[in-house]
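Have a look at the structure below before the remarks.
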Amino acid sequence: MRLHQGATVGPYEVLSTLGAGGMGTVYLARDRRLDRRVALKVLHDDPGGSAWAQLLHEARAASALNHPNICHVYDVGEQDAIPWIAMEYVDGEPLDRSIPPGGLDPDEAVRLAIQIADGLAHAHGRGIVHRDLKTANVVCDRDGRPRILDFGIAGWLPDAIAEHVTRSQTVVEGGAIAGTLPYMAPEVLKGARGNERSDLWALGVVLYEMLAGARPFRGDTPFSLASSILEQPPQPLPPHVPAGIASVVSRLLARNPTDRFRSAAEARAALEALRAATPLPARQAIGTRGAWIAAAAVLAIAFGWFVWMWSAGPTPLSLSDQHLLSVSGRGERSPALSPDGSHVAFVAADPEGVPQIFVRTLTSDTAIQITDGPAASRPRWTPSGEQIVYSAGSAIWRIPQLGGEPTRLIDRGTNPNLSSDGSRIVYERDYQIWTAAADGSDATPVAGVPRKYYSIPSGPAFSPDGKWIAYFRPDKGPNGDFWIVAADSGTPRQLTHDLREGGWPVWTSDGRWIVISSARAGSRTLWQLPVDGGDPVPLTTGAGEDDEPDLSPDGSRIVYSNVRHTWELRVRDLATGSERALLERRTELLFPQFSPDGQRLTFFGRDDFAIAIWVIGADGSGVRRLTGGRELNHQPRWGPEGRDIFFFQAAPEVSFRRISALGGASEAFRNWSWEEKTAPFFDPTGRYIAYTRMPPLDGSSNEPEAVVIQDLETGEERVLGDEPFRMGRWSPDGRELAVWRWRGETSTWRCQVESGACRMLTQGFLPAWSADGARIYVLRGSPARTELWSVTRDGGDVRLETTLGSFRSPDRHFDVSRDGLLAWAPWSPGDHEIWSATIQ
């Protein structure tokens, strides 16, 4: 149906013809009710009769879109059985007629693409897919703002009107395929229905066309064009297009839909990141001799002030404008600031729960996922800001800042950091600190730094001048101290001497301070450590846990992760199933154990500047700290009569100690380190103590892991059985031991004390006896879901008792009282968040 000036369609009066195409004719019309101009699209006849109903349904859905980069659908209807759609009239020119032969300026192309992507994100978020995005469907208004036309309409083109398609536009239509061929995603060409990811492919073609003035895939016929899309890489972009923009185009045009951005919002964020990273124009050079003299005078004054400040000693940092950066609620950690301070890379879980690297600007809520594979960690920017180095799958990789194909740099390594000039990488490998060239070559361990004994990260970091490496050395479990060593090897110098939990050092830009995360005051917070010696100075305060700091290269900003975990001390009546919490804390509650009469519990955890031993009533009353000062005490257990509590001390003295359950001074009981003689338990009579003998960390002995029984009267020792057992618990009558072994699958065994004969009972670990000695309780499962099982003493009737919840590995411990009361201390991990602050 052809309309002439003055004709009416519903409430609209035709003013002129704007154009015609495969779907119908577009007229400029006037809405007589509101006296406004509209674009009136009158569609072709529909011989099938029913297809237009679905098209109009889609158009009505699109009318709900309200976005400055989307042409608004005002109204839909039918006249004489011919559908029409009234849309906002955009006074401007389509992109396909305004792009010059050589393409737009890259900055202008990215500006337009950001707005187009924003419009797509708005529509996709409301369930509307375009399915025919192309430069002809984007009109720039008089203000230069791009407006997307025909949203939600092209996806419903019926088979019957294929003959009306304008072939010069190479439009393909049908029940399964609808759209304009040069903009069609490979999966759509193969018959898949268009979706958000195929819209992103079309966005990639549009952006390519804006940058190059031509399309990325070409062909003389529809068949050759389709073959090019399906089988050939896109034509190279012009050499003047920056590499970052080219990487975004490449990702949008990934042949596999899952390799594209996950959403239009993510694509928009990537483009915004590119614009934010664009360097400012160079300032004009000073052109007069007088200006140079003035500048020299200012520099002289500044130099004198600098010398005075340096001689006076470093001034501690202070923070202002502390605020939350995380917005996703999915747990964001390990932040890294880009060299210009405009972006942050971080680790967060992808939709499948796998930790991956994300990037976003400090002012945007949308992050771009740039890795997709094994669990990734510890992102660090290269000095140019164009690449990010990270670790994944026990290797170290490099990837473009907005995603792309990663490059493996180092086969074995974790926790990378780069020198300020980008020439070297420092990282961890095989419990040692290594350095390598930026391309992964010339890998060598740093001589002078001894091999550590624990898997706690050292987090090595180069000083600004590249001459020094700061690192954390764990010495007693998670506790340790901070050191520096010359990057070209030498004798390490110890900066702290108090054996505290900590990690992740980062240098200030002047090289005079190292910012660290440390639990030196109870909860883990950030501290600043003077490189030339002196006491650490607090930088953040509060309940913690502040961790993984990073500073901008100019020293003006800091980012760090924060999390609030919760621990509970819980008890459960195994007979009735009733359960309750005795105590809840934001710092660890570990190793609960009942007194012999079942009336009290002991445990350990952080408090102020110490790791302390505590007691609490089995009913939750009378919680009291037993040990004081700044001691590091852990793994308590009751003496056989319940009068004393025995525990290990890591500082100030390494020993196995005794203290009255009523409090007072402690005394050394044995000169034992928990690293070599761990999990000791007294027999019910108090004559024997059994413990797990671990091989020395320094390799000074080849004695294998074993359970050893010591006669406390004579001091004589003997090994239990012939297996590499670990200590569990004594039976109530003291004649047997429940032990376990860790070789492949964990297994629990029952051993005769006198004969040493042992029998395997069931799978599980950390066994404990019931009060009557009839059953043995064991743990199974992962730290995320730990289960309590039980088995009879002869290995029968294996059954699940209860689920204990989550634990931080290896903190899984429990105990069962003489009254059948179970005690354990699960934790509820909090969501990691990223915080930012200005440095004063």
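Quick note on the numbering used here: the sequence shown kicks off at 24 and runs consecutively.
In this text, a Cβ means the ideal position worked out from N, Cα and C, and glycines have one as well.
The model shown is predicted, which means the values in this text are computed figures rather than measured ones.
In this structure, the beta-carbon distance from residue 774 to residue 760 falls below 8 Å. Contact between the stretch 271-289 and the stretch 222-240 is present: 3 or more CB-CB pairs across the two stretches fall below 8 Å. Between residue 125 and residue 33, the C-beta spacing is not below 8 Å.
Looking at 607, 796, 526, 255, the one whose alpha-carbon comes closest to that of residue 568 is 526.
Within the stretch 711-786, the runs of beta strand (DSSP E) at least 3 residues long that lie entirely inside it are, in chain order, 711-716, 729-734, 740-742, 748-753, 759-766, 768-775, 781-786. By the CB criterion at 8 Å, residue 612 and residue 600 fall outside the cutoff. Residue state for residue 246 is assigned as helix, using DSSP reduced to three classes.
Each residue's CA atom was taken as its position, placing residue 345 and residue 268 some 33 Å apart.
Annotation: residue 685 is outside any beta strand (DSSP E) and is labelled neither H nor E by DSSP.
In the DSSP assignment, residue 65 falls within the beta strand (DSSP E) that extends over 59-66.
In the DSSP assignment, no residue is bridged to residue 361. When only Cα atoms are considered, residue 408 and residue 444 end up about 12 Å apart. Assignment of residue 158 by DSSP, reduced to helix, strand and coil, places it in the helix class.
DSSP places residue 231 inside the alpha helix (DSSP H), whose first and last residues are 219-235. Apart from sequence neighbours up to five positions away, the residues of its chain that approach residue 149 with a beta-carbon distance below 7 Å are 87, 88, ordered along the chain. Under the three-state reduction of DSSP, residue 136 is assigned to helix. Between residue 440 and the set 460, 476, 398, the nearest pair of CA atoms involves 460. Secondary structure remark: continuous beta strand (DSSP E) runs of at least 3 residues inside the stretch 607-666, in chain order: 613-617, 623-630, 633-640, 655-661.
Beta-carbon to beta-carbon, residue 390 and residue 382 are separated by about 7 Å, close enough to satisfy the 8 Å threshold. Inter-segment contact for the stretch 340-360 and the stretch 821-829 is absent: fewer than three beta-carbon pairs are separated by less than 8 Å. Its chain contains 90, 92, 93, 171 as the residues whose beta carbon lies nearer than 7 Å to that of residue 142, once the 5 sequence neighbours on both sides are disregarded; these appear in chain order.
According to the DSSP secondary-structure assignment, residue 584 is paired through a beta bridge with 570, 857.
In this structure, 355 is the residue among 355, 396, 405, 401 with its C-alpha nearest to the C-alpha of residue 388. Using a C-beta cut-off of 8 Å, the stretch 365-372 makes no contact with the stretch 256-273, since fewer than three inter-stretch Cβ pairs fall below that distance. Between residue 245 and the set 207, 467, 691, 532, the nearest pair of CA atoms involves 207.
Nearest Cα to residue 641 within the set 771, 844, 477: 844.
As for any beta strand (DSSP E) of minimum length 3 sitting wholly inside the stretch 491-542, the runs are 491-499, 502-509, 523-530, ordered along the chain.
Across the set 215, 144, 646, 43, the C-alpha of 43 shows the shortest separation from the C-alpha of residue 159. In the DSSP assignment, residue 340 falls outside any alpha helix (DSSP H), carrying neither H nor E. Listed as beta-bridge partners of residue 452 by DSSP are 455. For a cut-off of 8 Å, the C-beta gap from residue 645 to residue 639 is around 6 Å, short enough to register as a contact. Its Cα nearest to that of residue 228, the residue 252 stands out among 212, 804, 252.
Distance from the CA atom of residue 401 to the CA atom of residue 726, rounded to whole angstroms, is 37 Å. Around the Cβ of residue 783, a 10 Å sphere holds fewer than 16 other Cβ atoms; the residue is exposed. The three-state reading of DSSP puts residue 809 in strand, counting E and B together.
Here residue 549 really is in contact with residue 563; their C-beta atoms are around 4 Å apart, less than 8 Å.
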